[in-house]
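Accompanying notes for the structure given below.
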Amino acid sequence: MKRFRWIKLTFLLLLVVGTVYILRRHNAPALHTAAGSTFGTEYHVSYVLPTACDSLIVGRLREVDRSLSMFNPQSTISRINAGRQGAVDPLLREVFLLSQQVSQVTAGAFDVTVAPLVDLWGFGRRGIGEVSGRSVDSLRTFVGFHHVALRGAELVKDDPRVQLDFSAVAKGYAVDRVAGLLDSLGAQHYMVEIGGEVRTRGEHPAGRPWRIGIARPTGNPAEGAMQTMLSLTDRAMATSGNYLRFYERGGRRYAHTIDPRTGVPVTHTLLSATVFAPTCAMADAYATAFMVVGLEGAKGLLKTHRELSAYLIYEAPDGRLATWVSPEIQSYVIQSES
Ligand code: AMP
Ligand code: MG
0 MKRFRWIKLT
10 FLLLLVVGTV
20 YILRRHNAPA
30 LHTAAGSTFG
40 TEYHVSYVLP
50 TACDSLIVGR
60 LREVDRSLSM
70 FNPQSTISRI
80 NAGRQGAVDP
90 LLREVFLLSQ
100 QVSQVTAGAF
110 DVTVAPLVDL
120 WGFGRRGIGE
130 VSGRSVDSLR
140 TFVGFHHVAL
150 RGAELVKDDP
160 RVQLDFSAVA
170 KGYAVDRVAG
180 LLDSLGAQHY
190 MVEIGGEVRT
200 RGEHPAGRPW
210 RIGIARPTGN
220 PAEGAMQTML
230 SLTDRAMATS
240 GNYLRFYERG
250 GRRYAHTIDP
260 RTGVPVTHTL
270 LSATVFAPTC
280 AMADAYATAF
290 MVVGLEGAKG
300 LLKTHRELSA
310 YLIYEAPDGR
320 LATWVSPEIQ
330 SYVIQSES
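The sequence shown begins at 0 in our numbering and counts up by one.
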C-alpha cells in the first residue's frame with residue numbers, strides 16, 4: 000500500500016515538472032524573422048518574442064502605406080495631392096510636423112513640397128526629359144513649406160499645384176512604427192530595417208550587439224561593398240547617398256536629392272550621409288537634409304544638434320574616399336575598410 004502511494008507521488012511530481020517544462024518551452028522567447036517588400040524596397044525584421052507577430056508587422060506597414068505612399072492612389076497623401084486641401088490622418092500629421100521642424104532647422108534644405116521638382120528632374124512619376132531653367136523657375140513658385148499649413152484636421156495649400164512627397168522620411172517613419180509595435184508587445188531585442196533605414200533594441204540573441212553595415216558609395220551598390228560595420232544598440236540610423244538613385248547626362252551626374260532653394264539636384268563632395276538619431280524618421284529626414292547642405296553644412300548642423308550623430312563619406316580633393324565620423328560613433332565601429 001505504502002509502495003503504491005510512493006509510485007503515485009512520483010508520477011504526480013513527474014507530471015508537474017513535465018508540464019512546467021513544456022509550458023516554459025512554449026512561452027520561451029525565440030528569434031523570429033520577417034521579410035518582404037514595401038514602398039518599392041525590402042524590409043527585414045528580427046525580433047525575440049515567445050510567438051511570431053509577422054501579420055501585425057505587415058499590418059503596420061500597410062497602415063503607413065495607406066497614409067504616406069504616393070504610389071497608392073487611395074492613400075491620404077494622394078488624396079491631398081489631388082486637391083487644394085484634405086483631411087489628414089494621425090500618421091500624416093506626425094510626419095508633417097516632423098518635416099516642418101526639419102525644414103525650419105535646415106533653413107529649407109529639407110522640404111517635402113519639393114515633389115514637382117523631383118518629377119521634373121525625372122525621379123518621380125514621369126521619365127527623364129529636358130529640363131530648362133524656365134521650367135525650374137515656374138515650378139519653384141509653388142515649392143516651399145510656406146505654401147502649406149495644418150488647420151485642425153485639414154491640410155491646406157495656398158495653391159492647388161502644391162504637392163507633398165514624404166519619400167525622404169517615410170521609410171524611417173515606418174521603421175519607427177514597427178519598432179513601436181514590437182515595444183508594445185514587450186520585445187526587448189529587435190532589429191527593424193526598411194530599405195537601409197534601421198532601428199535596434201537590445202542585442203542579437205547570440206549575446207552581441209546588432210551589426211549593421213554602411214555601404215561604400217562607389218562602384219556598383221548591387222555588389223554590396225561595405226565601407227564599415229557598426230554595432231548598434233538602442234539607436235536609429237538612416238543613410239542617404241547620391242549613389243542610390245542617379246542618372247548621367249552630358250557628362251554630369253544627376254542624383255535624386257534636390258536643393259529646394261535652387262530647384263536643382265545637388266552636386267558636391269558628400270557622397271553619403273548616415274545619421275544616428277533617437278527616432279528613425281528623424282535620422283531619415285536629416286540624412287536627406289545633409290545631402291542637400293553638403294559636408295560643411297552637415298558638420299555645422301551636428302554642432303548645434305547634439306541629438307544627432309553622423310558617419311559622412313565624401314570625396315577628398317585628391318579624389319579618394321574620406322570619412323568624417325562623430326566622436327560618439329567611433330566607438331560603434333567594428334571594422335572599417337581602408
Ligand atoms: P532619401 O533617400 O531618404 O534621401 O530620400 C530621397 C527622396 O526624397 C527623393 O527621391 C525625393 O523623392 C525626395 N527629396 C529629394 N530632395 C528632397 C529635399 N530637399 N527635401 C525632402 N525630400 C527630398
Ligand atoms: Mg531620408
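Glycine included, every Cβ here is placed at the ideal spot set by N, Cα and C.
What's the gap between the Cα of VAL57 and the Cα of MET290?
Here residue 57 refers to the residue found at position 58 of the sequence shown. Here residue 290 refers to the residue found at position 291 of the sequence shown. So the two alpha carbons sit approximately 31 Å from each other.
On the three-state DSSP scale, how would you describe HIS304?
Walking along the sequence shown from the start, residue 304 turns up at place 305. Coil.
Go through its chain and collect everything with a Cβ distance to ARG350's Cβ below 6 Å, but skip five positions before and after it.
In the structure as shown, the chain starts at 0 and stops at 337, and residue 350 therefore has no counterpart that could be examined.
Terminal residues of the beta strand (DSSP E) in which VAL274 lies:
Position 275 of the sequence shown, counted from the first residue, corresponds to residue 274. Its beta strand (DSSP E) spans residues 269-276.
For HIS188, verify whether its CB is less than 6 Å away from any heavy atom of ligand 1.
Position 189 of the sequence shown holds residue 188. Checking the Cβ of HIS188 against ligand 1 gives no.
LEU270 and TYR310 - do their beta-carbons sit closer together than 7 Å?
Taking the sequence shown and counting its residues from 1, one reaches residue 310 at position 311. Taking the sequence shown and counting its residues from 1, one reaches residue 270 at position 271. Contact: no.
TYR46 and ALA186 - do their beta-carbons sit closer together than 7 Å?
As a first step, residue 186 is located in the sequence shown; it is residue number 187 there, counting from the start. As a first step, residue 46 is located in the sequence shown; it is residue number 47 there, counting from the start. Yes; because the gap between Cβ atoms is below 7 Å, this pair is in contact.
Which residue marks the beginning of the beta strand (DSSP E) containing GLU153, and which one marks its end?
Locating residue 153 in the sequence shown gives position 154, counting from the first residue. Here the beta strand (DSSP E) through GLU153 covers 153-156.
Tell me which residues share the same chain as ALA169 and place their Cβ nearer than 6 Å to its Cβ, disregarding the 5 neighbours each side in the sequence.
Counted from its first residue, the sequence shown places residue 169 at position 170. Close CB contacts of ALA169 within its chain, under the 6 Å cut and outside five residues either way in sequence, are with LEU67 (chain order).
Helix, strand or coil at GLY39 [DSSP, three-state]
By one-based count along the sequence shown, residue 39 stands at place 40. GLY39: coil per DSSP, three-state reduction.
What does the Cβ neighbour count give for ARG61, buried or exposed, with the cut at 16 atoms within 10 Å?
On the sequence shown, position 62 is the one that residue 61 refers to. Answer is exposed; the Cβ neighbour count stays below 16.
Should ALA81 go down as buried or exposed, given a rule of 16 or more other Cβ atoms within 10 Å for buried?
The residue given as residue 81 occupies position 82 in the sequence shown. By the 10 Å Cβ count, ALA81 comes out exposed.
Closest Cα partner of ARG59 within the set ARG210, ALA178, GLU295, MET236:
Locating residue 59 in the sequence shown gives position 60, counting from the first residue. Closest by alpha carbon: ALA178.
Could you tell me if the beta carbon of PHE144 falls within a distance shorter than 6 Å of some heavy atom in ligand 1?
Locating residue 144 in the sequence shown gives position 145, counting from the first residue. PHE144 Cβ: outside cutoff for every heavy atom of ligand 1.
For PRO216, collect the residues of the same chain with a Cβ closer than 8 Å to its Cβ; drop the 5 residues on either side in sequence, then sort them by chain order.
The count along the sequence shown starts at 1 and reaches residue 216 at position 217. The beta carbon of PRO216 is closer than 8 Å to those of GLN226, GLY240, ASN241, TYR242, LEU270, SER271, ILE312, LEU320 in its chain, skipping five residues each way along the sequence.
Sub-7 Å separation of GLY212 and MET228 beta-carbons:
As a working mapping, residue 212 is identified with position 213 in the sequence shown. As a working mapping, residue 228 is identified with position 229 in the sequence shown. For GLY212 and MET228, yes; Cβs fall inside 7 Å.
Assigned secondary structure, ARG4 (DSSP; H/G/I helix, E/B strand, else coil)
Along the sequence shown, one-based indexing puts residue 4 at 5. The DSSP-derived three-state label of ARG4 is helix.
ARG59: first and last residue of the uninterrupted alpha helix (DSSP H) it sits in:
Taking the sequence shown and counting its residues from 1, one reaches residue 59 at position 60. Per DSSP, ARG59 is one residue of the alpha helix (DSSP H) stretching across 53-67.
Here's a check: name, in chain order, each residue in its chain whose Cβ is nearer than 6 Å to the Cβ of TRP209, leaving out the five neighbours to either side.
For this step, residue 209 is matched to residue 210 along the sequence shown. MET190, THR199, HIS203, LEU231, listed in sequence order.
Rounded to a whole number of angstroms, what is the C-alpha to C-alpha distance between TYR331 and THR273?
Within the sequence shown, residue 331 is the residue found at index 332, counting from 1. Within the sequence shown, residue 273 is the residue found at index 274, counting from 1. Straight across, the Cα-Cα distance linking TYR331 with THR273 is about 13 Å.
With DSSP collapsed to three states, give me the class of GLY318.
For the purposes of this step, residue 318 is identified with residue 319 of the sequence shown, where counting begins at 1. If DSSP states are grouped into helix, strand and coil, GLY318 belongs with coil.
PHE144 beta carbon less than 7 Å from that of ARG160
Walking along the sequence shown from the start, residue 160 turns up at place 161. Walking along the sequence shown from the start, residue 144 turns up at place 145. No, they are not a contact pair.
Could you give the distance in angstroms between the alpha-carbon of GLU222 and the alpha-carbon of GLU41?
If you number the sequence shown from 1, residue 222 lands on position 223. If you number the sequence shown from 1, residue 41 lands on position 42. In a straight line, the C-alpha of GLU222 is about 16 Å away from that of GLU41.
Helix, strand or coil at PRO204 [DSSP, three-state]:
Translated into the one-based positions of the sequence shown, residue 204 becomes position 205. For PRO204, the three-state secondary structure derived from DSSP is coil.
Around the C-beta of LYS7, are 16 or more other C-beta atoms found within 10 angstroms, so that it is buried, or is it exposed?
Along the sequence shown, read from residue 1 onward, the residue named residue 7 stands at position 8. With fewer than 16 other Cβ atoms within 10 Å, it is exposed.
Closest by C-alpha distance to ASP113, when choosing among ASP53, ARG176, ARG305, THR256:
To locate residue 113, count along the sequence shown from 1; it is residue 114. For the sequence presented, residue 113 should be read as Val rather than Asp. When ASP53, ARG176, ARG305, THR256 are compared, the shortest CA-CA separation from VAL113 is found for THR256.
Apart from the five residues just before and just after ASN71, which ones in its own chain have a Cβ nearer than 8 Å to its Cβ?
Here residue 71 refers to the residue found at position 72 of the sequence shown. If we look at ASN71 and ignore the five residues flanking it on each side, its Cβ neighbours are ASP64, ARG65, SER77.
Nearest CA to the CA of PRO326: which residue from SER308, ILE333, ILE127?
Translated into positions along the sequence shown, residue 326 becomes position 327. Of the residues SER308, ILE333, ILE127, the one whose Cα lies closest to the Cα of PRO326 is SER308.
Does the beta-carbon distance from CYS279 to GLY128 come in below 7 Å?
For the purposes of this step, residue 279 is taken as the residue at position 280 of the sequence shown. For the purposes of this step, residue 128 is taken as the residue at position 129 of the sequence shown. No, they are not a contact pair.
Could you tell me which residues DSSP pairs with GLN84 in its beta bridges?
Here residue 84 refers to the residue found at position 85 of the sequence shown. Paired residues: VAL155.
Could you give the DSSP three-state label for GLN187: helix, strand or coil?
Working through the sequence shown from its first residue, we reach residue 187 at position 188. Of the three classes helix, strand and coil, the one that applies to GLN187 here is coil, per DSSP.
When you measure from the CB of PRO159 to every non-hydrogen atom of ligand 4, does any distance come out below 6 Å?
Inclusion of ligand 4 in the displayed structure is not the case, the ligand content consisting of ligand 1 and ligand 2 alone.
Contacting residues, own chain, Cβ-Cβ under 6 Å from VAL197 (five flanking each side not counted):
The residue you call residue 197 lines up with position 198 of the sequence shown. For VAL197, the CB contacts under 6 Å within the same chain, skipping 5 residues up- and downstream, are ILE211, MET236 in chain order.
Quick one: is the Cβ of ASP110 within less than 6 Å of any heavy atom of ligand 2?
Residue 110 sits at position 111 when you count from the first residue of the sequence shown. Not so, every heavy atom of ligand 2 lies at least 6 Å from the Cβ.
Helix, strand or coil: which one does DSSP assign to VAL142?
The residue you call residue 142 lines up with position 143 of the sequence shown. The three-state secondary structure of VAL142, taken from DSSP, is coil.
Using C-beta distances below 7 Å, list every residue in its chain close to ASP53, excluding the 5 sequence neighbours before and after it, in chain order.
On the sequence shown, position 54 is the one that residue 53 refers to. Excluding sequence neighbours, ASP53 sits near ALA33.
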